[in-house]
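Participant: Sequence positions in the sequence shown follow the numbering used here and run 103 to 457. Just so it is clear, CB atoms sit at the ideal spot from N, CA and C, and this is done for glycine as well.
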Amino acid sequence: MQYCVPIGNGRQDSYIDAVFTAFKYAISWISFFKLQLQIEGDHFNLVEFDNAEAIDLTRDYFFWASDVVAEAWLTLNPEYTETSMAASKLFFRLYELTHQQLDKKAIIKSLREHGAGAEVPNRCYWYANLGHASRYESPDETSLLAAKSLYQAALEHCTIDSKERTHVNYFISVTLRAIFEQTGTLEILRESIKICEKILSTVVEDKMRLAVYSHSISVSLRRRFEITSSGEDLQLAIQYGNSAFSMVSRETEKSDPPASAMVDPKHHDAVAGFVHPDFSSYANNLCYAYREWRRNPADLDIAVQYGKLSIKDSKASSTFPYYASGFSMALWRRYDEKGAKIDLDDDIHKWQYNA
Numbered sequence: 103m104q105y106c107v108p109i110g111n112g113r114q115d116s117y118i119d120a121v122f123t124a125f126k127y128a129i130s131w132i133s134f135f136k137l138q139l140q141i142e143g144d145h146f147n148l149v150e151f152d153n154a155e156a157i158d159l160t161r162d163y164f165f166w167a168s169d170v171v172a173e174a175w176l177t178l179n180p181e182y183t184e185t186s187m188a189a190s191k192l193f194f195r196l197y198e199l200t201h202q203q204l205d206k207k208a209i210i211k212s213l214r215e216h217g218a219g220a221e222v223p224n225r226c227y228w229y230a231n232l233g234h235a236s237r238y239e240s241p242d243e244t245s246l247l248a249a250k251s252l253y254q255a256a257l258e259h260c261t262i263d264s265k266e267r268t269h270v271n272y273f274i275s276v277t278l279r280a281i282f283e284q285t286g287t288l289e290i291l292r293e294s295i296k297i298c299e300k301i302l303s304t305v306v307e308d309k310m311r312l313a314v315y316s317h318s319i320s321v322s323l324r325r326r327f328e329i330t331s332s333g334e335d336l337q338l339a340i341q342y343g344n345s346a347f348s349m350v351s352r353e354t355e356k357s358d359p360p361a362s363a364m365v366d367p368k369h370h371d372a373v374a375g376f377v378h379p380d381f382s383s384y385a386n387n388l389c390y391a392y393r394e395w396r397r398n399p400a401d402l403d404i405a406v407q408y409g410k411l412s413i414k415d416s417k418a419s420s421t422f423p424y425y426a427s428g429f430s431m432a433l434w435r436r437y438d439e440k441g442a443k444i445d446l447d448d449d450i451h452k453w454q455y456n457a
């Protein structure tokens, strides 16, 4: 499953295709040479058929493979969302070969019912991984509500005060924000923020987890500011966003500024590579936040610098147009206020690149 996780620029699907195709070729080879795959626990042997006994077991092999992948997927630590999603995608690809229809929502519902009635190793992991699939495979409001319900079911089986419980609460918070994006219901966004505030009121020793939680609440606060125009929300969004950014940046790895620190990103231009797959997302969030803050003349400069960082390593990513749009708007705002023609030229270039 780790093989399917992208090492950059969202190449997960190509890795899943490679694993899926390799398995199909292996089964074709076994069938061509009239061999049988005998499976005993974690071990298997290839046995030659007598010509009179040779039968096509391809469908049986794919049934077996989908069961193996399903077990690997649903018993994974759900903290590793990318790995969970790679496993679920591979499971659905294999499942589709042995069934006439592929109704992912119905399959997720069936697996949830199976987890409730059968002996499974860890129901917290089981439900949370199903929540990931529901949230990502069909991100409509119905699926997001189902994901929220699955994460809440996972909470019931998490150890009290465990790291897993904290992270499942984070998944609920992110899902609520996604529901807000679908419905525009501000109360749902408030609930998302409250959950993240509760998480951050506890001691989070893992810096990368702390960065994830800080970034998440920063995005939610910024989105609430865009609805309510609350300056307090935007200020907190910048503080949390800077804290998260500093934790995933190599240059600030040795020195952790407090959550209230305002970080000038100019010195990050020299950073060789990134240490976190969501680095661009973190920078993009701060580009948007500083673009709206503008309490002093340097804020738009900082917004532009974060905008540059957001597109630096994301040009091959599907998120690039969104990041380039944010950077473009920051350049336009700076041109509008300061009249620097180079900003307008750069802004036009970004929009042409998007188009």
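1) Is DSSP giving residue 138 helix, strand or coil here?
2) According to DSSP, is residue 338 helix, strand or coil?
3) Between residue 297 and residue 322, is the Cβ-Cβ spacing less than 7 Å?
4) Does the beta-carbon of residue 146 have 16 or more other beta-carbons within 10 angstroms, so that it is buried, or is it exposed?
5) Can the beta-carbon of residue 342 be found less than 7 Å from the beta-carbon of residue 386?
6) Report yes if the C-beta distance between residue 391 and residue 350 is below 7 Å; otherwise report no.
7) Residues in its own chain within less than 8 Å of residue 318 by CB, not counting five upstream and five downstream?
8) So, are the CB atoms of residue 327 and residue 336 less than 7 Å apart?
9) With 16 as the cutoff for other CB atoms within 10 Å, does residue 357 come out buried or exposed?
10) Buried or exposed for residue 407, please, with buried defined as at least 16 other CB atoms from any protein chain shown within 10 angstroms of its CB.
11) Check for me: the beta strand (DSSP E) holding residue 148 runs from which residue to which?
12) Put residue 419 into one of helix, strand or coil per three-state DSSP.
13) Under the three-state reduction of DSSP, which class applies to residue 259: helix, strand or coil?
14) What's the gap between the Cα of residue 194 and the Cα of residue 261?
15) At which residue ranges does the segment 272-351 contain complete alpha helix (DSSP H) runs of 4 or more residues, listed in the order of the chain?
16) Could you round the C-beta distance between residue 393 and residue 435 to whole angstroms and report it? I think they count as a contact, below 8 Å.
17) In three-state terms, what does DSSP make of residue 127?
18) Rank 254, 222, 191, 175 by C-alpha distance to the C-alpha of residue 238 and give the top, closest one.
19) Could you tell me if residue 264 is buried or exposed, where buried requires 16 or more neighbouring beta carbons within 10 angstroms of its beta carbon?
20) I need the straight-line Cα distance from residue 136 to residue 209, nearest angstrom please.
21) Put residue 222 into one of helix, strand or coil per three-state DSSP.
22) Distance, Cα to Cα, residue 398 vs residue 288?
23) What is the C-beta distance between residue 87 and residue 316, in whole angstroms, given that I count them as a contact (C-beta under 8 Å)?
24) Give the C-beta separation of residue 281 and residue 290 to the nearest angstrom, bearing in mind that I take them to be a contact with Cβ-Cβ under 8 Å.
25) Please name the residue in 188, 292, 164 whose C-alpha comes closest to that of residue 199.
26) Using alpha carbons as the reference points, say which of 167, 214, 129 lies closest to residue 234.
27) Within 10 Å of its beta-carbon, does residue 120 have 16 or more other beta-carbons around it, so buried, or fewer, so exposed?
Facilitator: The short version:
1) strand
2) helix
3) no
4) exposed
5) no
6) Contact flag unset, no.
7) 272, 275, 276, 279, 298
8) yes
9) Confidence is the limiting factor: at residue 357 the pLDDT is only 40, short of 50, which leaves the residue's position unreliable and the question unanswerable from this model.
10) buried
11) 145-150
12) coil
13) coil
14) 30 Å
15) 288-302, 309-330, 333-350
16) 6 Å
17) Secondary structure of residue 127 (DSSP, three-state): helix.
18) 191
19) Burial check for residue 264: the Cβ neighbour count within 10 Å stays below 16, so the residue is exposed.
20) 33 Å
21) coil
22) Across the structure, residue 398 and residue 288 are spaced so that their CA atoms are roughly 30 Å apart.
23) The displayed coordinates of the chain run from 103 to 457. Any statement about residue 87 would go beyond what the structure contains.
24) 5 Å
25) 164
26) Measuring C-alpha to C-alpha distances from residue 234 to each of 167, 214, 129 identifies 214 as the nearest.
27) exposed
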